[in-house]
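Since the structure comes first, as C-alpha coordinates, the remarks are kept for the end.
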Amino acid sequence: MKKMFYKIILIIIKILLMPLFRIKISGLENLENNKKIIICANHKSLLDPIFLAISLPMKINFMAKKELFENPVFAFILKSLYAFPVDRNGLDLKALRYAVSLVDDGKVLGIFPEGTRVKEVKRENVKDGVAFVALKAKADILPIEIISSYKLFRRTDIIIKKAVSVDKFLSLKNKEAMKKMTDEVFDNIYENHTIIERESKWK
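Count along the sequence shown from 1, add 1, and you get the number used in this note's numbering.
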(Lines of atoms letter the chains of each structure in order from A and count residues from 1; the text may use other names and numbers.)
(Lines give C-alpha, C1' and ligand atoms only; values in the text may rest on other atoms or scores of the structure.)
Protein backbone atom coordinates (compact mmCIF):
# COMPACT_ATOMS: atom_id res chain seq x y z
CA MET A 1 0.00 0.00 0.00
CA LYS A 2 2.72 2.46 1.02
CA LYS A 3 4.92 1.56 -1.97
CA MET A 4 1.99 1.89 -4.36
CA PHE A 5 1.01 5.28 -2.90
CA TYR A 6 4.60 6.47 -3.27
CA LYS A 7 4.84 5.36 -6.91
CA ILE A 8 1.50 6.90 -7.90
CA ILE A 9 2.24 10.24 -6.21
CA LEU A 10 5.72 10.37 -7.74
CA ILE A 11 4.44 9.68 -11.26
CA ILE A 12 1.79 12.41 -10.98
CA ILE A 13 4.25 14.96 -9.60
CA LYS A 14 6.83 14.10 -12.26
CA ILE A 15 4.35 14.57 -15.11
CA LEU A 16 3.35 17.96 -13.70
CA LEU A 17 6.65 19.44 -12.56
CA MET A 18 9.14 18.30 -15.20
CA PRO A 19 7.70 20.61 -17.90
CA LEU A 20 6.55 23.37 -15.52
CA PHE A 21 10.05 23.91 -14.12
CA ARG A 22 11.96 22.74 -17.22
CA ILE A 23 14.04 20.36 -15.13
CA LYS A 24 17.36 19.37 -16.69
CA ILE A 25 19.32 16.57 -15.05
CA SER A 26 23.06 16.09 -15.56
CA GLY A 27 25.61 13.74 -14.01
CA LEU A 28 23.50 10.57 -13.86
CA GLU A 29 26.67 8.68 -14.74
CA ASN A 30 27.92 9.50 -11.22
CA LEU A 31 25.30 7.23 -9.63
CA GLU A 32 26.75 3.97 -8.35
CA ASN A 33 24.08 1.46 -7.41
CA ASN A 34 26.47 -0.95 -5.71
CA LYS A 35 27.58 1.47 -2.98
CA LYS A 36 26.01 2.92 0.14
CA ILE A 37 25.28 6.58 -0.54
CA ILE A 38 23.79 9.64 1.10
CA ILE A 39 22.18 12.26 -1.12
CA CYS A 40 23.16 15.77 -0.05
CA ALA A 41 21.94 18.98 -1.73
CA ASN A 42 21.62 22.72 -1.23
CA HIS A 43 18.22 23.90 0.00
CA LYS A 44 16.35 27.10 -0.88
CA SER A 45 12.78 25.92 -1.42
CA LEU A 46 10.20 23.39 -0.28
CA LEU A 47 10.35 22.12 -3.86
CA ASP A 48 13.93 20.85 -3.48
CA PRO A 49 13.13 17.38 -2.06
CA ILE A 50 10.43 16.98 -4.71
CA PHE A 51 12.87 17.92 -7.47
CA LEU A 52 15.33 15.32 -6.19
CA ALA A 53 12.69 12.61 -5.81
CA ILE A 54 11.53 12.95 -9.43
CA SER A 55 15.03 13.40 -10.86
CA LEU A 56 16.76 10.35 -9.39
CA PRO A 57 15.98 6.70 -10.17
CA MET A 58 16.12 5.54 -6.55
CA LYS A 59 13.76 6.01 -3.62
CA ILE A 60 15.12 8.59 -1.19
CA ASN A 61 14.44 8.56 2.56
CA PHE A 62 14.53 12.25 3.46
CA MET A 63 15.35 13.63 6.87
CA ALA A 64 12.84 16.44 7.58
CA LYS A 65 12.38 18.89 10.45
CA LYS A 66 10.02 17.55 13.11
CA GLU A 67 7.74 20.60 12.92
CA LEU A 68 6.47 19.34 9.56
CA PHE A 69 5.07 16.25 11.28
CA GLU A 70 2.89 18.14 13.77
CA ASN A 71 -0.08 18.18 11.39
CA PRO A 72 -1.49 14.60 11.29
CA VAL A 73 -2.48 14.77 7.63
CA PHE A 74 0.87 16.20 6.54
CA ALA A 75 2.67 13.71 8.76
CA PHE A 76 0.84 10.83 7.04
CA ILE A 77 1.86 12.14 3.61
CA LEU A 78 5.50 12.64 4.66
CA LYS A 79 5.76 9.15 6.15
CA SER A 80 4.14 7.70 3.03
CA LEU A 81 6.91 9.39 1.06
CA TYR A 82 9.53 7.79 3.37
CA ALA A 83 10.48 10.98 5.22
CA PHE A 84 11.32 10.87 8.94
CA PRO A 85 11.56 13.64 11.57
CA VAL A 86 14.63 15.25 13.09
CA ASP A 87 14.88 17.83 15.87
CA ARG A 88 17.10 20.65 14.59
CA ASN A 89 17.56 22.10 18.09
CA GLY A 90 20.65 20.40 19.37
CA LEU A 91 21.93 16.94 18.47
CA ASP A 92 19.08 14.52 17.70
CA LEU A 93 20.90 11.24 18.31
CA LYS A 94 17.75 9.17 17.79
CA ALA A 95 17.26 10.56 14.28
CA LEU A 96 20.97 10.22 13.46
CA ARG A 97 21.04 6.59 14.63
CA TYR A 98 17.94 5.87 12.54
CA ALA A 99 19.62 7.53 9.55
CA VAL A 100 22.70 5.33 10.02
CA SER A 101 20.51 2.22 10.24
CA LEU A 102 18.75 3.14 6.98
CA VAL A 103 22.06 3.47 5.14
CA ASP A 104 23.39 0.26 6.70
CA ASP A 105 20.27 -1.49 5.35
CA GLY A 106 21.13 -0.34 1.83
CA LYS A 107 18.53 2.42 1.63
CA VAL A 108 19.31 5.86 0.19
CA LEU A 109 19.28 8.72 2.69
CA GLY A 110 18.55 12.32 1.69
CA ILE A 111 19.84 15.22 3.81
CA PHE A 112 19.95 18.98 3.31
CA PRO A 113 23.06 19.86 5.34
CA GLU A 114 21.90 23.31 6.43
CA GLY A 115 18.95 21.67 8.16
CA THR A 116 16.52 24.24 6.76
CA ARG A 117 15.98 26.48 3.76
CA VAL A 118 18.59 29.21 3.40
CA LYS A 119 18.83 32.36 1.30
CA GLU A 120 22.57 32.96 1.51
CA VAL A 121 25.53 30.75 0.70
CA LYS A 122 27.47 30.53 3.97
CA ARG A 123 29.72 27.72 5.18
CA GLU A 124 28.64 28.32 8.79
CA ASN A 125 25.06 27.40 7.85
CA VAL A 126 26.12 23.84 7.07
CA LYS A 127 25.88 21.31 9.91
CA ASP A 128 28.09 18.24 10.13
CA GLY A 129 25.25 15.73 10.59
CA VAL A 130 25.63 14.36 7.08
CA ALA A 131 29.35 13.69 7.66
CA PHE A 132 28.53 12.08 11.03
CA VAL A 133 26.12 9.64 9.37
CA ALA A 134 28.49 8.96 6.46
CA LEU A 135 31.39 8.13 8.77
CA LYS A 136 29.28 5.93 11.06
CA ALA A 137 27.71 4.04 8.15
CA LYS A 138 30.91 4.13 6.04
CA ALA A 139 28.89 5.56 3.16
CA ASP A 140 29.87 7.91 0.35
CA ILE A 141 28.11 11.27 0.01
CA LEU A 142 26.62 12.16 -3.37
CA PRO A 143 26.52 15.97 -3.64
CA ILE A 144 23.78 17.47 -5.82
CA GLU A 145 23.57 21.11 -6.78
CA ILE A 146 20.11 22.55 -7.44
CA ILE A 147 20.08 25.76 -9.45
CA SER A 148 16.63 27.27 -9.89
CA SER A 149 14.65 30.49 -9.66
CA TYR A 150 11.65 28.32 -8.64
CA LYS A 151 9.54 30.20 -11.15
CA LEU A 152 7.28 28.46 -13.64
CA PHE A 153 8.75 27.78 -17.07
CA ARG A 154 12.24 28.87 -15.97
CA ARG A 155 14.98 26.28 -16.22
CA THR A 156 15.93 24.20 -13.19
CA ASP A 157 19.26 22.37 -13.18
CA ILE A 158 19.85 19.26 -11.09
CA ILE A 159 23.61 18.66 -11.21
CA ILE A 160 24.77 15.33 -9.78
CA LYS A 161 28.44 15.52 -8.76
CA LYS A 162 30.99 12.76 -8.24
CA ALA A 163 30.61 11.08 -4.88
CA VAL A 164 32.70 12.23 -1.94
CA SER A 165 34.39 9.00 -0.87
CA VAL A 166 34.26 8.27 2.84
CA ASP A 167 37.41 6.13 2.66
CA LYS A 168 39.86 9.05 2.63
CA PHE A 169 38.42 10.41 5.89
CA LEU A 170 38.29 7.20 7.94
CA SER A 171 41.91 7.46 9.10
CA LEU A 172 41.37 10.97 10.53
CA LYS A 173 40.18 11.82 14.02
CA ASN A 174 36.42 12.11 14.20
CA LYS A 175 36.16 15.90 14.54
CA GLU A 176 38.69 16.58 11.80
CA ALA A 177 37.08 14.00 9.51
CA MET A 178 33.62 15.54 9.92
CA LYS A 179 34.91 19.05 9.24
CA LYS A 180 36.90 18.12 6.14
CA MET A 181 34.12 15.97 4.71
CA THR A 182 31.56 18.72 5.34
CA ASP A 183 33.87 21.26 3.68
CA GLU A 184 34.14 19.13 0.55
CA VAL A 185 30.38 18.58 0.41
CA PHE A 186 29.76 22.33 0.79
CA ASP A 187 32.18 23.14 -2.04
CA ASN A 188 30.37 20.67 -4.31
CA ILE A 189 26.77 21.67 -3.65
CA TYR A 190 27.55 25.35 -4.17
CA GLU A 191 30.16 25.01 -6.92
CA ASN A 192 28.14 27.03 -9.45
CA HIS A 193 26.52 29.42 -6.97
CA THR A 194 27.45 32.92 -5.90
CA ILE A 195 26.20 34.86 -2.88
CA ILE A 196 23.71 36.59 -5.15
CA GLU A 197 21.64 34.15 -7.23
CA ARG A 198 22.56 34.41 -10.90
CA GLU A 199 18.96 33.96 -11.93
CA SER A 200 19.21 35.92 -15.17
CA LYS A 201 21.95 33.63 -16.49
CA TRP A 202 19.85 30.46 -16.24
CA LYS A 203 17.27 30.57 -19.03
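Every residue gets a Cβ at the ideal spot worked out from N, C-alpha and C, and that includes glycine.
*Identify whether L143 lies in helix, strand or coil by the three-state DSSP scheme.*
strand
*asked:* Assuming the contact rule is C-beta atoms closer than 8 Å, D141 and S166 should be a hit. Round their C-beta distance to whole Å, please.
replied: 5 Å
_Quick check: what's the CA-CA separation for F170 versus A164?_
13 Å
*For V109, three-class secondary structure by DSSP*: strand
*Expressed to the nearest angstrom, what Euclidean distance is found between the alpha-carbon atoms of R118 and D106?*
28 Å
*If we count Cβ pairs, one from each stretch, closer than 8 Å, do we get three or more for the region 174 to 183 versus the region 125 to 132?*
yes
*Can you grab the Cα-Cα spacing for the pair P1 / L173, in whole Å?*
No information on residue 1 is available, as it lies outside the stretch 2 to 204 that the chain covers here.
*What number of angstroms, rounded off, separates the C-alpha of L17 from the C-alpha of A76?*
23 Å
*Let me know if F113 comes out buried or exposed under the rule of 16 or more other beta-carbons within 10 Å of its beta-carbon.*
buried
*Reference L32, options Y151, A178, V109 and T157, closest by Cα*: V109
*Hey, out of A65, S27, L153 and F187, whose CA is closest to P144's CA?*
F187
*Can you tell me whether P58 is buried or exposed, with buried defined as 16 or more other CB within 10 angstroms of its CB?*
exposed
*Give me the Cα-Cα distance between I40 and A135, rounded to the nearest whole angstrom.*
10 Å
*Locate the alpha helix (DSSP H) running through F133, then write down its first and last residues.*
G130 to A138
*6 Å CB neighbourhood of G116 in its chain, flanking five on each side removed*: R89 and K128
*asked:* Can you tell me whether K3 is helix, strand or coil according to DSSP?
replied: helix
*Please name the residue, chosen from E192, H194, M19 and D168, that lies closest to I38 on a Cα-to-Cα basis.*
D168
*To the nearest whole angstrom, what separates the beta carbons of I156 and K25, a pair I think is in contact under 8 Å?*
Ile is not the amino acid found at residue 156; the sequence shown has Arg there. Yes, they are in contact, since the Cβ atoms of R156 and K25 sit about 6 Å apart, within 8 Å.
*asked:* Here's the rule: buried if 16 or more other CB atoms are within 10 angstroms of the residue's CB, otherwise exposed. What is N34?
replied: exposed
_Let me check understanding here. Comparing Cα to Cα, which of G111, S149, M179 and A96 lies closest to K60?_
G111
*Going by the beta-carbon positions, is the gap between L29 and I147 smaller than 8 Å?*
no
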